[in-house]
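Worksheet: the structure to be examined is printed underneath.
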Amino acid sequence: MIIGVLALHGGRIEHILMLERLGVTSMPIYKYNDLESIDGLVIPGGESTTMLNLMHNFDIFKPLKERIRSGLPVLATCAGVILLAKEVSNPPMETLALMDISIKRNAFGRQVDSFETGVDIPLLGNEPFPAIFIRAPLIESAGPGVEVIGRMANGNIVAASQKYMIAVSFHPELGSDARLHRFFTEMVANRRNKGRAEESIETTIPAD
Numbered sequence: 003m004i005i006g007v008l009a010l011h012g013g014r015i016e017h018i019l020m021l022e023r024l025g026v027t028s029m030p031i032y033k034y035n036d037l038e039s040i041d042g043l044v045i046p047g048g049e050s051t052t053m054l055n056l057m058h059n060f061d062i063f064k065p066l067k068e069r070i071r072s073g074l075p076v077l078a079t080c081a082g083v084i085l086l087a088k089e090v091s092n093p094p095m096e097t098l099a100l101m102d103i104s105i106k107r108n109a110f111g112r113q114v115d116s117f118e119t120g121v122d123i124p125l126l127g128n129e130p131f132p133a134i135f136i137r138a139p140l141i142e143s144a145g146p147g148v149e150v151i152g153r154m155a156n157g158n159i160v161a162a163s164q165k166y167m168i169a170v171s172f173h174p175e176l177g178s179d180a181r182l183h184r185f186f187t188e189m190v191a192n193r194r195n196k197g198r199a200e201e202s203i204e205t206t207i208p209a210d
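Start counting the sequence shown at 3; every next residue gets the next number (the working numbering).
In structure tokens, the structure reads:
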């Protein structure tokens with residue numbers, strides 16, 4: 003199993019180190035043909051407009067969109083959430099538009115307003131997840147096919163999932179808690195094994 007980390011801009015190194023800590027093979031993703039080798043993808047935080055421009059400059063925007071649309075599992079953090087969202091404000095911008103969520107950019111203030119707080123994410127257990135917010139986006143609303151998986155104490159949505167996509171407004175890679183990355187890698191492994199099982203079943207069915 004190989005998990006790619008989009009490496010055009012942003013906090014790619016921290017994600018790679020977290021995956022290494024879990025014993026998972028990872029690779030940086032720079033160009034569209036890198037996508038052929040991976041079973042899952044992390045879209046890290048960074049500056050979303052810069053990331054978007056680089057995705058176009060490296061001709062990876064459309065191939066990435068198609069790869070995710072076809073079922074590639076994704077963990078998007080901070081700016082990565084903006085790029086996945088169908089609707090973005092403050093200000094609006096082009097996105098991959100693959101996840102049915104509405105996002106407000108920089109909803110928690112500027113860089114100097116960064117903070118850490120516990121977020122309840124039941125699928126990770128009873129212990130609140132220590133979430134680090136840096137110029138973070140807010141998930142203002144989620145469509146009917148989206149599951150809200152994490153909220154702040156005031157009710158703000160900061161984590162959601164849809165099918166094989168997980169989006170969190172914070173930076174899980176900057177702390178020591180590996181639960182979110184572990185959950186994602188297990189999801190990728192299960193999806194990969196399911197695909198292999200289905201392929202095996204198909205090959206054993208006799209032709210008419």
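Beta carbons are placed, not taken as given, at the ideal position from N, Cα and C, and that holds for glycine.
Looking at the secondary structure, which residues open and close the alpha helix (DSSP H) in which residue i lies?
{"i": "Glu22", "result": "14–23"}
{"i": "Ile84", "result": "81–86"}
Please work out which residues of its chain come closer than 8 Å, Cβ to Cβ, to residue i, disregarding the five sequence neighbours upstream and downstream, and give them in chain order.
{"i": "Met3", "result": "Val26, Thr27, Asp41, Gly42, Thr187, Val190, Ala191, Arg194"}
{"i": "Pro93", "result": "Arg107"}
{"i": "Arg112", "result": "Arg137"}
{"i": "Leu140", "result": "Ile105, Lys106, Ala109, Phe110, Asn158, Ile159, Val160, Ser171"}
What residues in its chain sit with their C-beta under 6 Å from that of residue i, if we drop five residues either side in the sequence?
{"i": "Gly48", "result": "His11, Gly12, Ala81"}
{"i": "Glu149", "result": "Ser163"}
Is residue i near residue j, with beta carbons less than 8 Å apart?
{"i": "Ser171", "j": "Phe135", "result": "yes"}
{"i": "Tyr32", "j": "Phe63", "result": "no"}
{"i": "Pro46", "j": "Leu19", "result": "no"}
{"i": "Thr119", "j": "Ala109", "result": "no"}
Among the residues of its own chain, which have a CB less than 7 Å from the CB of residue i, if the five just before and after it don't count?
{"i": "Val90", "result": "Ile84, Thr97, Ile105, Arg107"}
{"i": "Thr52", "result": "His11"}
{"i": "His183", "result": "Met20, Leu21, Leu24, Pro174"}
{"i": "Leu54", "result": "Leu85, Met95, Glu96"}
Any chance the CB of residue i is under 7 Å from a heavy atom of the ligand NAP?
{"i": "Leu24", "result": "Judged by which ligands are present, the structure shown has none, so any question about the ligand NAP falls away."}
So residue i is in the beta strand (DSSP E); what residue range does that whole segment cover?
{"i": "Glu149", "result": "149–153"}
{"i": "Pro139", "result": "First-last for Pro139: undefined, no H or E at that position."}
_Three-pair Cβ contact test at 8 Å for the stretch 145–156 versus the stretch 113–133_ = Touching, per the Cβ criterion.
*Can you list the beta strand (DSSP E) stretches of 3 or more residues lying completely in the stretch 24–73, in chain order?*
If we require 3 residues or more, the beta strand (DSSP E) runs fully inside the stretch 24–73 come out as 27–31, 42–45.
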